[in-house]
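First residue of the sequence shown: 6, per our numbering; consecutive thereafter.
We put the CB at the ideal spot given by N, CA and C, even for glycine.
Here is the structure we will look at, set down as structure tokens.
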Amino acid sequence: MHIPTFSFTKQLAVLLSSVLVICTLGWWGYSAYQLETVLTNQIQLRAQVQSQQLSQLPSLVNAVATNNQDLVNEIITTVQVGSDADFITVSDVNGIRLAHPVAQRIGLPVMGGDIGKALTKGESYLSYGVGSLGPSVRYISPIIDDNGTILGMIKVGYLTDTVQVWSSERLLPILLMAMATICLCLILALWFSKYVNRKMQHLEPWQLKQALETHQGVLQATYEGLIAVDINQCIYLANQNSQHLLGTTIKAGMPLSQCISEPMIFSLEGEDFVNRLVRANGHDLVINRVTLNGKTGQQYGAVFGLRAHQELQSLSEKLSQIDRYIEHMRITRHEYQNKLSTISGLLQAGAFEQALHICLAQAKATQDQIDKLSPIVALPLLSGLILAKIGQAGEKNIPLIFSCETDLAQLTPAISQEQLCSLVGNLLDNAIESVAASPTPYVQFEIRQSECEYILWFANNGPMLTTTLENLCQLGFTSKNNSTDHGIGLHLVRSIVEQSKGHIELDSDKVETAFTVYLPKEPLC
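This is the structure in structure tokens:
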């Protein structure tokens with residue numbers, strides 16, 4: 006198992022710190038954005054209010070109307086002292102400065118190229134531009150007399166550098182708070198990670214996982230049952246299978262003597278053992294024992310695995326079945342040798358016609374099967390499967406009638422050849438099994454096609470199915486008396502059909518049972 010060098014405590018601390026830092030930085034960024042937006046709006050509003058108020062000041066209107074630069078400059082200088090604006094500029098209707106923070110620039114044309122609408126159309130508006138003092142945001146208002154005549158304009162502005170200085174001054178406390186928050190988050194993350202580590206008994210997750218997997222492995226040490234006892238012969242762990250095998254209810258903390266008639270069988274003395282045959286609570290069992298030792302080597306309990314003695318008997322029966330199968334293969338081999346000997350004897354006796362007749366009959370039977378598979382020769386897996394099923398049915402004296410009218414060339418790519426073989430194999434197996442007890446059994450398998458789909462039809466004369474198709478296709482459901490290893494085939498068939506966007510139908514009566522599978526062609530109709 007891979008053991009990480011970067012401890013869980015550090016990983017947790019880094020993860021929590023990263024999350025908290027990202028959240029804090031996000032909060033700071035959003036706050037900075039909102040602050041800058043509010044500050045910009047306030048500056049724009051200040052410039053607008055001052056510009057519009059000054060443009061309506063009677064003394065300034067009269068001074069501009071008489072083109073009195075000294076009076077205009079005096080008024081603006083007085084206003085500038087009480088204003089936080091970086092500059093206030095006044096020009097006449099021709100765009101010539103009448104007032105400017107830099108005296109040498111009075112009498113020169115206004116720079117920026119953004120005063121045209123104020124002087125020609127009498128509009129008031131906000132503007133961003135680069136003037137003689139640098140980039141700035143300014144509000145421009147026309148100066149209009151009582152008769153509606155445009156006399157000039159007034160521009161109140163704030164330099165971009167000033168706006169940035171104000172923004173920095175207001176962002177600094179937020180930045181300091183964010184840094185303090187980050188430091189606090191780092192401390193809390195480190196403390197929390199250490200707290201979690203203490204609660205985990207200073208074990209890393211992989212160690213906890215290993216311990217849990219070991220525990221689960223012990224629980225599954227035997228197939229049937231498991232009992233764990235401590236040094237005092239008290240049970241502290243027992244699974245359901247052990248209770249079933251012993252025929253009693255077992256609870257944690259219960260002494261062995263209360264639930265087992267022969268508690269000495271589960272003694273902790275002596276060496277561990279494997280496959281010991283015992284009788285407990287009236288049941289024949291095979292038990293194993295694994296002693297549990299602490300870090301110091303001191304014994305603190307043991308785990309006992311239980312199996313039913315019938316399992317060994319079942320294994321013996323299966324071995325007997327294998328022996329019978331080997332004997333059957335030996336007989337089959339002998340029969341084929343007899344056929345070959347018969348043909349050889351006919352040839353030696355000169356009965357060539359009879360020998361040829363036997364060979365041709367066998368060859369014709371084989372060729373007929375191959376000819377029926379010729380449309381799907383491009384699908385070797387499916388062809389081989391069908392041949393194998395025909396042979397399997399023939400061994401049980403069950404005729405498997407196969408016909409194919411199409412090559413399945415347009416079968417949707419949603420189903421692979423392996424999945425198609427699984428579908429066909431499961432349905433043929435079910436059909437062969439269902440007619441095993443019939444006096445005149447038969448199984449039919451046909452492959453047809455329509456304009457938009459391929460049709461796979463499986464029929465047999467086995468018993469009528471009274472269960473719905475939905476129930477038959479449920480995982481684990483089976484209609485067979487011996488349900489071992491059953492309850493999967495039809496579920497798999499339905500999964501494959503649904504995956505290919507097809508559908509399946511069931512028709513069953515006392516005469517015949519038929520499964521019809523519809524698989525779409527490619528492209529889909």
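**Report entry** Range covered by the beta strand (DSSP E) that runs through D97
**Finding:** What you label residue 97 is simply residue 92 of the sequence shown in a count that begins at 1. Taken as a continuous stretch (DSSP letters only), the beta strand (DSSP E) holding D97 covers 92–97.
Query raised in the report: Is it right to say Q55 is buried, meaning 16 or more other beta carbons lie within 10 angstroms of its own, or is it exposed?
Result: Position 50 of the sequence shown, counted from the first residue, corresponds to residue 55. Flag for Q55 reads buried.
Query raised in the report: What is the DSSP secondary structure of F602, reduced to helix, strand or coil?
Result: A question about residue 602 goes unanswered here, because the residues of the chain that appear run from 6 up to 530.
Query - Endpoints, alpha helix (DSSP H) assigned at H249 - result: On the sequence shown, residue 249 is found 244 positions in, with the first residue counted as 1. It spans 245–251 - the alpha helix (DSSP H) in which H249 sits, taken as one unbroken run.
Query - Selection from R499, T521, W211 that minimises the alpha carbon distance to S513 - result: In the sequence shown, residue 513 corresponds to position 508, counting from 1. Selected option, being the one with the closest Cα: T521.
Requested in this report: Would you be able to state if there are at least three C-beta pairs under 8 Å between the stretch 206–219 and the stretch 20–30?
Outcome: no
Report task. Compute the distance between the beta-carbons of V234 and F278, then report whether it is under 9 Å. Result -> Within the sequence shown, residue 234 is the residue found at index 229, counting from 1. Within the sequence shown, residue 278 is the residue found at index 273, counting from 1. Cβ atoms of V234 and F278: not closer than 9 Å.
Query - Buried or exposed by the 16-neighbour rule on C-beta atoms within 10 Å, applied to H207 - result: Translated into positions along the sequence shown, residue 207 becomes position 202. Looking at its Cβ environment, which holds fewer than 16 other Cβ atoms inside 10 Å, H207 is exposed.
Query raised in the report: Nearest CA to the CA of D373: which residue from L405, S266, Y163?
Result: To locate residue 373, count along the sequence shown from 1; it is residue 368. Taking only the C-alpha atoms, the option nearest D373 is L405.
Query raised in the report: Among residues of its own chain, excluding the 5 on either side of A307, which ones have a beta-carbon nearer than 7 Å to its beta-carbon?
Result: The sequence position of residue 307 within the sequence shown is 302, counting from 1. Closer than 7 Å at Cβ, skipping near neighbours: V234, L273, R294, V295, T296, L297.
**Report entry** Start-end ranges of the beta strand (DSSP E) lying completely within the stretch 108–153, minimum 3 residues
**Finding:** 130–136, 139–149
Report task. Could you name the residues of the same chain whose beta carbon sits closer than 6 Å to that of E332, not counting the 5 residues immediately before and after it, in chain order? Result -> Within the sequence shown, residue 332 is the residue found at index 327, counting from 1. Because the pLDDT of E332 is 45, which lies under 50, any placement of that residue in the model is unreliable, and the question is left without a value.
Query raised in the report: Which one or two residues does DSSP pair with K160 in a beta bridge?
Result: On the sequence shown, position 155 is the one that residue 160 refers to. Beta-bridge pairing links K160 to T94, I145.
Requested in this report: Would you kindly report the start and end of the unbroken alpha helix (DSSP H) that includes S427?
Outcome: One-based indexing of the sequence shown puts residue 427 at position 422. Where S427 is concerned, the enclosing alpha helix (DSSP H) stretches over 422–439.
Requested in this report: Reducing DSSP to helix, strand and coil, say where C190 ends up.
Outcome: Locating residue 190 in the sequence shown gives position 185, where the first residue counts as 1. C190: helix per DSSP, three-state reduction.
Requested in this report: In the DSSP assignment, find the unbroken beta strand (DSSP E) run with D75 in it and report its ends.
Outcome: By 1-based counting over the sequence shown, the position of residue 75 is 70. D75 -> not in any beta strand (DSSP E); alpha helix (DSSP H) instead, spanning 74–87.
Query raised in the report: Smallest Cα separation from L433: which of L416, G396, Q454, A419?
Result: Residue 433 sits at position 428 when you count from the first residue of the sequence shown. For L433, the nearest C-alpha among the options comes from G396.
Requested in this report: Taking only the alpha-carbon atoms, compute the straight-line gap between S321 and A419 and give it to the nearest angstrom.
Outcome: In the sequence shown, residue 321 corresponds to position 316, counting from 1. In the sequence shown, residue 419 corresponds to position 414, counting from 1. Here the model assigns S321 a pLDDT of 47, short of 50, so the residue's position is not dependable and the matter cannot be decided.
Requested in this report: Look at the alpha carbon of R499 and the alpha carbon of L425, and state the distance between them as a whole number of angstroms.
Outcome: Taking the sequence shown and counting its residues from 1, one reaches residue 499 at position 494. Taking the sequence shown and counting its residues from 1, one reaches residue 425 at position 420. One C-alpha to the other measures close to 12 Å.
Query - For H207, the first and last residue of its enclosing beta strand (DSSP E) - result: As a first step, residue 207 must be located in the sequence shown, where it is residue number 202. Looking at the DSSP string, H207 is not in any beta strand (DSSP E), and its letter there is neither H nor E.
Query raised in the report: In terms of DSSP beta bridges, what is S513 paired with?
Result: The residue you call residue 513 lines up with position 508 of the sequence shown. DSSP lists T518 as partners of S513.
Query raised in the report: Apart from the five residues on each side of it in sequence, which residues of its chain come closer than 6 Å, Cβ to Cβ, to G134?
Result: Working through the sequence shown from its first residue, we reach residue 134 at position 129. Here the set comprises G117, D119.
Query - Host beta strand (DSSP E) of N465 (start-end) - result: On the sequence shown, residue 465 is found 460 positions in, with the first residue counted as 1. Here the beta strand (DSSP E) through N465 covers 458–465.
**Report entry** L413 and P380 closer than 9 Å at C-beta
**Finding:** Mapped onto the sequence shown, residue 413 falls at position 408. Mapped onto the sequence shown, residue 380 falls at position 375. It is a contact, given that the beta carbons lie within the stated cut-off.
Query raised in the report: Which same chain residues, not among the five before or five after G139, have their C-beta less than 8 Å away from its C-beta?
Result: Here residue 139 refers to the residue found at position 134 of the sequence shown. L164, T165, D166.
Query raised in the report: Which value, in whole angstroms, describes the spacing of the CA atoms of I509 and A398?
Result: Sequence index remark: in the sequence shown, residue 509 carries index 504 (1-based). Sequence index remark: in the sequence shown, residue 398 carries index 393 (1-based). Approximately 24 Å between the Cα atoms of the pair.
Query raised in the report: Among C239, N237, K256, F357, which one has its Cα closest to the Cα of Q245?
Result: The residue given as residue 245 occupies position 240 in the sequence shown. Here the closest residue by C-alpha is K256.
Requested in this report: Give the straight-line distance between the Cα atoms of L311 and H220, rounded to the nearest whole angstrom.
Outcome: Translated into the one-based positions of the sequence shown, residue 311 becomes position 306. Translated into the one-based positions of the sequence shown, residue 220 becomes position 215. Approximately 17 Å, taken between the alpha carbons.
Query raised in the report: What are the start and end residues of the beta strand (DSSP E) that includes I381?
Result: By 1-based counting over the sequence shown, the position of residue 381 is 376. Element bounds for I381: n/a, residue is neither H nor E.
Report task. Taking E451 as part of the beta strand (DSSP E), name the residues at either end of that continuous run. Result -> What you label residue 451 is simply residue 446 of the sequence shown in a count that begins at 1. Taken as a continuous stretch (DSSP letters only), the beta strand (DSSP E) holding E451 covers 448–454.
Query - Sheet register partners of N67 (DSSP bridge) - result: Reading the sequence shown from its first residue, position 62 is the one you call residue 67. DSSP output for N67 lists no bridge partner at all.
**Report entry** Span of the alpha helix (DSSP H), counted from its first residue to its last, around C28
**Finding:** On the sequence shown, residue 28 is found 23 positions in, with the first residue counted as 1. Where C28 is concerned, the enclosing alpha helix (DSSP H) stretches over 13–60.
Query raised in the report: Taking the C-alpha atoms as reference points, what is the distance between V107 and D150?
Result: The sequence position of residue 107 within the sequence shown is 102, counting from 1. The sequence position of residue 150 within the sequence shown is 145, counting from 1. Their backbone Cα atoms lie some 27 Å apart in a straight line.
Requested in this report: Could you pull out every residue in the same chain whose Cβ sits closer than 6 Å to the Cβ of S146, ignoring the five residues on either side in sequence?
Outcome: For the purposes of this step, residue 146 is taken as the residue at position 141 of the sequence shown. Taken in chain order, the residues that qualify are S56, Q57, S60, S129, I159.
**Report entry** Rounded separation between G355 and Q342 - CA only
**Finding:** Numbered from its first residue, the sequence shown carries residue 355 at position 350. Numbered from its first residue, the sequence shown carries residue 342 at position 337. Approximately 20 Å between the Cα atoms of the pair.
Query - Where I232 sits in the DSSP three-state scheme - result: The residue given as residue 232 occupies position 227 in the sequence shown. Correct three-state label for I232: strand.
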